[in-house]
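In the working numbering, the protein residues as written are -8 to 352. Glycine included, each C-beta is placed from N, C-alpha and C at the ideal position.
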């Protein structure tokens, strides 16, 4: 029997949780016997992946003119025709309406394309005009959202009936092995990801940490990642007079020893999809303090069982949660003991079954 041929299209294979999830999906499907290809829009290849790579980003680097963009679209179209894929899984953000119209109508095979929504902020994936969005994606067999809340948001906004939820898988064995590569000394809590305050709301994290007892208890705040808001966040740390307690660490190829060594991790985002940092932390055995943003955390965090879930945009509530998990040793040990088993349903094996249910129809 011929193997099912799948093309995964992603913005890159580096950067953030959405891109890591695309890389993990390639490994998941390749290990299950699918013939996997990956098209990366940007020349940013950092994460492990499996399959044949079409690096459109290398072409973009060579020629980023309008003519160069047209050439990349033709290269992608010819690649699709050459390989005659059974499925195209598009993981990109899709914000330029005219470009997405071209891709959906003339590049991709409409009835073989699965559009993935990896964030509650659906304006990153669909045109603001609902009628136009329905027209562009009307022939899609599936729209896959990574959380139930995001899926319902898509259904209510656009009236699609072909929306299904498939969660991101938890850490695989490779990530657990990476976490064991080193032990990071000291007492600290950790936030990691892109330094993009509009979405990640690290200002809230800094303000909440300043209100907590953690600085006095010599428990540092590590903020790991790269991004345009680094200097602004440094200035905010200085403004609350905690430059000696808030440590900014550049993005790491392997962040997982930090995750494993942290007392707990913290998510302070304004919005998410199904945050990888939360499921990675729990998979490694580290509890999480998270704000109840849309979407994802409430579908992962079991309050006082594997972490704490608090009201968003409330620095007092977030500070109190940090204090509780740092001071209440019984609560901490309960959350730590439950961390890994609390996401057993997100095992790669279980998530593969969900993908098989649509890819093998």
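Classification of residue 346 by the beta-carbon crowding that lies within 10 angstroms, buried from 16 upward:
On the chain shown, position 355 is the one that residue 346 refers to. Buried, by the Cβ-count rule.
Could you check where the beta strand (DSSP E) with residue 31 kicks off and where it finishes?
Reading the chain shown from its first residue, position 40 is the one you call residue 31. Unbroken beta strand (DSSP E) run through residue 31: 26 to 31.
Reducing DSSP to helix, strand and coil, say where residue 145 ends up.
As a first step, residue 145 is located in the chain shown; it is residue number 154 there, counting from the start. In the structure shown, residue 145 sits in a helix (DSSP, three-state: H, G or I).
Within the same chain, show all residues whose beta-carbon is closer than 7 Å to that of residue 151, passing over the 5 residues directly before and after it, in chain order.
Taking the first residue of the chain shown as position 1, residue 151 is located at position 160. So the qualifying residues of the chain are 134, 145.
Using 7 Å as the threshold, is the C-beta distance between residue 218 and residue 185 below it?
Here residue 218 refers to the residue found at position 227 of the chain shown. Here residue 185 refers to the residue found at position 194 of the chain shown. Their beta carbons are under 7 Å apart, which means residue 218 touches residue 185 by this criterion.
Could you tell me the alpha carbon to alpha carbon distance between residue 314 and residue 234, rounded to whole angstroms?
The residue given as residue 314 occupies position 323 in the chain shown. The residue given as residue 234 occupies position 243 in the chain shown. Residue 314 and residue 234: Cα-Cα distance of roughly 20 Å.
Where residue 53 falls, given that 16 or more other Cβ within 10 Å makes a residue buried:
For the purposes of this step, residue 53 is taken as the residue at position 62 of the chain shown. So residue 53 counts as exposed.
Assuming contact is defined by CB atoms lying nearer than 7 Å, are residue 191 and residue 260 in contact in what I supplied?
Position 200 of the chain shown, counted from the first residue, corresponds to residue 191. Position 269 of the chain shown, counted from the first residue, corresponds to residue 260. Taking 7 Å as the Cβ cut-off, residue 191 and residue 260 qualify as a contacting pair.
For residue 61 and residue -2, what's the separation of their Cα atoms in angstroms?
The count along the chain shown starts at 1 and reaches residue 61 at position 70. The count along the chain shown starts at 1 and reaches residue -2 at position 7. Those two C-alpha atoms are separated by around 20 Å.
Classify residue 114: buried if its beta carbon has 16 or more other beta carbons within 10 angstroms, exposed otherwise.
Counted from its first residue, the chain shown places residue 114 at position 123. The residue is exposed, with fewer than 16 neighbouring Cβ atoms inside 10 Å.
Local conformation of residue 230 per DSSP, three classes:
In the chain shown, residue 230 corresponds to position 239, counting from 1. Three-state result, residue 230: helix.
Leaving out five residues before and five after residue 210 in sequence, what residues of the same chain have Cβ atoms less than 8 Å from its Cβ?
The count along the chain shown starts at 1 and reaches residue 210 at position 219. Answer for residue 210: 178, 179, 180, 254, 317, listed in chain order.
Beta strand (DSSP E) runs contained entirely in the region 64 to 144, provided each spans 3 or more residues
78 to 81, 104 to 108, 133 to 136
Apart from the five residues on each side of it in sequence, which residues of its chain come closer than 7 Å, Cβ to Cβ, to residue 216?
Taking the chain shown and counting its residues from 1, the one referred to as residue 216 is at position 225. So the list reads 183, 184, 185, 186, 242, once near-sequence residues are dropped.
Note down, in chain order, each residue of its chain lying with its Cβ closer than 8 Å to the Cβ of residue 329, except the 5 sequence neighbours on either side.
As a first step, residue 329 is located in the chain shown; it is residue number 338 there, counting from the start. Cβ within range, chain order: 293, 296, 297.
Is it buried or exposed, residue 155, if we count other Cβ atoms within 10 angstroms and call 16 or more buried?
Translated into the one-based positions of the chain shown, residue 155 becomes position 164. Residue 155 comes out exposed.
Within 7 Å, strictly: CB atoms of residue -6 and residue 38
What you label residue -6 is simply residue 3 of the chain shown in a count that begins at 1. What you label residue 38 is simply residue 47 of the chain shown in a count that begins at 1. Cβ distance not < 7 Å, so residue -6 and residue 38 don't count as in contact.
Where do the N-terminal and C-terminal ends of the alpha helix (DSSP H) with residue 214 fall, by residue?
Locating residue 214 in the chain shown gives position 223, where the first residue counts as 1. Taken as a continuous stretch (DSSP letters only), residue 214 belongs to no alpha helix (DSSP H), being part of the beta strand (DSSP E) at 211 to 215.
Is the Cβ-Cβ distance between residue -4 and residue 21 less than 7 Å?
Along the chain shown, one-based indexing puts residue -4 at 5. Along the chain shown, one-based indexing puts residue 21 at 30. For residue -4 and residue 21, no; Cβs fall outside 7 Å.
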